[in-house]
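A short worksheet on the structure shown next.
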Amino acid sequence: RVDVARMGALKDENRRLRLLLNAVGSMPGRVVATSILRVDMSPFQSLITVNAGSNFGVHRGQPVIDADGVVGQITDIGPLQSQIMLITDPASAIPVEIERTGLATLAIGTGQLNVLSLPYLPNSTDIKPGDRLIASGFGGRYPRGYPVAVVTAVTPQAGEPFAHVYARPLAHLGREHEVLLYFTAKPGQSNTK
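What follows is the structure, given as structure tokens:
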């Protein structure tokens, strides 16, 4: 029974890793899979710790993704471990664009694991629930076009300049065992996993 349980766990891990590595397709740059060691969620911070650090070439500000979307960025680094600030952390802001219209804006962390806020959209903005948000590439940190979130609520505010717009991250924040560290491509470099 123990051997059967171990085999099941290995099959599950293999499936998860294949999904992760297949997700990046032909993105420029390279990715390295790493395991999550610790998850620290509170209303004031959303952090995870992974088992890769400066000895593996990890650097501060490096983007982290999973098979479905952007996870966050590296904020603290040790030789063998790094801490990732999730995109839902209250200190996080990620440049995104509405895939349907191409309009650029910022997605801000709310401290809630499944909620991002888009606070800078005027009431008249062409955005609706179900719209997908992708990384705009502005700032040069996150891979352009990679999925970030899907809009869940749009509420125009009478007498205020901006609508209340919220989105749900597409990455499996806090529910995965592995994530991908994304290393930006240098000119002429292709994706090597």
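Using this note's numbering, the first residue of the sequence shown is number 44, and each one after it goes up by one.
Glycine included, each C-beta is placed from N, C-alpha and C at the ideal position.
Exercise. Who are the near neighbours of R175 in its chain, counting only those whose CB is closer than 6 Å to its CB and skipping five residues on each side?
Worked result: E142 and V193
Exercise. Buried or exposed: which applies to G145, given that a residue is buried once 16 or more other Cβ atoms fall within 10 Å of its Cβ?
Worked result: The residue in question, G145, is exposed, as its Cβ has fewer than 16 Cβ neighbours within 10 Å.
Problem set entry | Rounded Cβ spacing between G104 and Q116 (contact assumed at less than 8 Å) | 6 Å
Exercise. Going by alpha carbons, who is nearest to S135 out of P122, G121, I127 and I151?
Worked result: I151
For this session: Indicate whether V221 and T77 have their beta-carbon atoms separated by less than 8 Å.
Result: What sits at residue 221 in the sequence shown is Glu, not Val. Yes.
Exercise. When the Cα atoms are used, what is the spatial distance from I170 to L223?
Worked result: Spanning the two alpha carbons is a distance of roughly 30 Å.
For this session: With DSSP as the reference, label R49 as helix, strand or coil.
Result: Here R49 sits in helix by DSSP.
Problem set entry | Collapsed DSSP secondary structure at F99 in the structure displayed | helix
Exercise. Cβ of Q126 within 8 Å of Cβ of L90?
Worked result: Yes, the pair counts as a contact, with Cβ atoms nearer than the cut-off.
For this session: Can you give me the start and stop residues for the beta strand (DSSP E) that L248 sits inside?
Result: Because the chain spans 44 through 236 in this model, residue 248 falls outside it and cannot be assessed.
For this session: Could you pull the start and end residues of the beta strand (DSSP E) that I79 belongs to?
Result: I79 -> beta strand (DSSP E) spans R73 to S85.
Exercise. Name the DSSP beta bridge partners of A196, please?
Worked result: Y209
Exercise. DSSP on D119, reduced to helix/strand/coil?
Worked result: strand
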